[in-house]
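J.: One structure, as structure tokens, below. Some questions next.
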Amino acid sequence: MGTGAATNLGLWVGYVGGKVDIVIQRVVDGVMAYPPLVLALVAVAVLGPSALNVTLVLGVLMIAANSRVVRGSTLAVKESTYVEAARVVGANTPRVIVRHILPNVVSPLIVIATVSLGSVILAEGALSFLGLGVPPPTPSWGRMIGGEESRFYFATNPSLVLFPGAALTLVVFAFNMFGDSLRDVLDPRLRGE
């Protein structure tokens, strides 16, 4: 959800530029000035803990950083010769964005989406650990680590905390490694190494 909205926003703002770009980037700067987990805590505390609210809040918070990456890539691509040629031939703005800019923005977008997924999983775990994540009976690694049962039985059965903690760590690590590997494959500057 956040990646789709970030892609649309970043493409539009990067291509249009001007005052729209300045205003949107100041809003993005304002959102990025605060740690995403703190904003998520406040938003979920106001909206109430539910699977829908947690998903919406974490998705919306990913829009700022992801749109900045897409905007930067769009700014680099929109000055290319083939984009200018498409404009000269008479291609309208949506066609230029979809046919010429979007395909060249996809590789950094895929990389940032996989790395962001690890961050979102960790943020959901942190919210659930604090009691603001998805409510029971939906399973959550954060609640498994910080739930009442885990704290009460930790001294006699530490596996109640160790296994969910290890699973959370391994999944986040795997998504980060996957994103790094995708960057190595998709970045043309790294292909020669």
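Be aware that the sequence shown starts at 0, since it is given in numbering that gives the first Met the number 0, and climbs by one per residue. Idealized CB from N, CA, C, for every residue including glycine.
1. Could you check where the alpha helix (DSSP H) with Ile62 kicks off and where it finishes?
2. From Ile23 to Thr168, what distance separates their C-alpha atoms?
3. Only counting the same chain, and skipping five residues up and downstream in sequence, which positions put a Cβ closer than 7 Å to that of Glu148?
4. Count Cβ pairs between the stretch 104 to 113 and the stretch 173 to 188 that sit closer than 8 Å; are there 3 or more?
5. Report the rounded CA-to-CA distance for Pro135 versus Ser66, giving the unit in angstroms.
6. Thinking Gly9 and Thr92 are a contact (beta carbons under 8 Å), I'd like their distance in whole angstroms, please.
7. With H, G and I counted as helix, E and B as strand and the rest as coil, what does DSSP make of Phe153?
8. Measuring CA to CA, which of Phe128, Phe151, Arg150 is closest to Trp140?
T.: Let's see:
1. Segment 50 to 77, the alpha helix (DSSP H) holding Ile62.
2. Cα to Cα, the separation comes out at about 35 Å.
3. The answer, listed in chain order, is Leu159.
4. Touching, yes.
5. C-alpha separation (whole angstroms): 33 Å.
6. About 15 Å separates the Cβ atoms of Gly9 and Thr92, ruling out a contact at the 8 Å cut-off.
7. Here Phe153 sits in coil by DSSP.
8. The residue with the shortest Cα to Cα distance from Trp140 is Phe128.
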